[in-house]
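Here the working numbering is used: the sequence shown runs in plain steps of one and ends on residue 323.
Where is the CB? At the ideal position from N, CA and C, for every residue including glycine.
Quick caveat, the model's predicted, so the values are computed rather than measured.
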Amino acid sequence: MTSRRARRGAATRMLCLCLAAVVSLAGSSLLAGCSLLAGSVHKPAAADGPKDGARRVPPVVMFLGDSYTVGDRGVEPESTYASATARLLGWQVVVGGRSGTGFVQKGRGPHAFLGLYESQLGWRPAPDMLIVSGGHNDWRIPPPQVAAAAHVLLERARQRWPGTRLVLVGPLWGTGTPLPGALAVRDALKNLARQLGVPFVDPIGEGWITGDLLTGQGNAPRLIKRDRTHPTPAGHLYVATRLAADLKRMGLDHPARKG
């Protein structure tokens, strides 16, 4: 009887030892698996790209102008020199203005440049740069009056967007010799820009468009439409290359807000 109990006790102890060994092995494998899994989760990926903050954000540039800037009949804003300049320099662009307008002239609408700035651009977040291009349609207006209106507009933009860079582009002239009134407006705007410390681009003074459609001389026959005023598609692209070159020379091809 005693021998039988002893054999049962020995068998029971052996079973317990076997079960303990199985549990121990299983636990070791489980722990090893968890360690490997944890290592795979926490190990940094080798192909991680640059941090978002290191990526270069294209500058935001706004244009305000007349039909040269927003397009004349049959020409959309995305096809004008303003958008072409943005594509050349890698900007994000917002184009504002209206055909026939100027610093004083309202064209067929209720607003000149100041009103168009308020309704189309001024309520938006501050851009890196604002380019105001005009004066062509103001050639009949006394130059001091044009300069005074331009002064109000530029100061309004400075007050609303203190860190935004400003650029003033003088009148563009399609073909032939610019009229005396256009030259006087150009001179008034140029003097204002000097007083305010605003960079000034002078398409007339730099001779962007030369010659005349009537004589077939210069680049006007290729760059200006038969209306002798507005650029052809090639003309818009050409104006964009000239403006981009001037902005590069001024160090404004990649503008950033001050402060």
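{"Item": "Taking the alpha-carbon positions, what's the P208 to A176 distance?", "Value": "16 Å"}
{"Item": "Looking at Y181 and A211, is the spacing between their C-beta atoms short of 8 Å?", "Value": "no"}
{"Item": "To the nearest angstrom, how far is the alpha carbon of D192 from that of P295?", "Value": "27 Å"}
{"Item": "Sorted by chain position, which residues of the same chain lie with C-beta nearer than 8 Å to V216's C-beta, five sequence neighbours on each side aside?", "Value": "L178"}
{"Item": "Can you name, in chain order, every residue of its own chain whose Cβ lies under 6 Å from the Cβ of T149, other than the five neighbours on each side?", "Value": "A304, L307, A308"}
{"Item": "Using the Cα positions of R290 and L277, report the straight-line distance between them to the nearest angstrom.", "Value": "8 Å"}
{"Item": "Could you compute how far the alpha carbon of R292 sits from the alpha carbon of G299?", "Value": "12 Å"}
{"Item": "In this structure, does DSSP put V134 in helix, strand or coil?", "Value": "helix"}
{"Item": "Would you check if the distance between the CB atom of I268 and the CB atom of G234 is smaller than 8 Å?", "Value": "yes"}
{"Item": "Taking the runs of the beta strand (DSSP E) that are 3 residues or longer, which of them lie wholly in the region 183 to 256?", "Value": "193 to 197, 229 to 233"}
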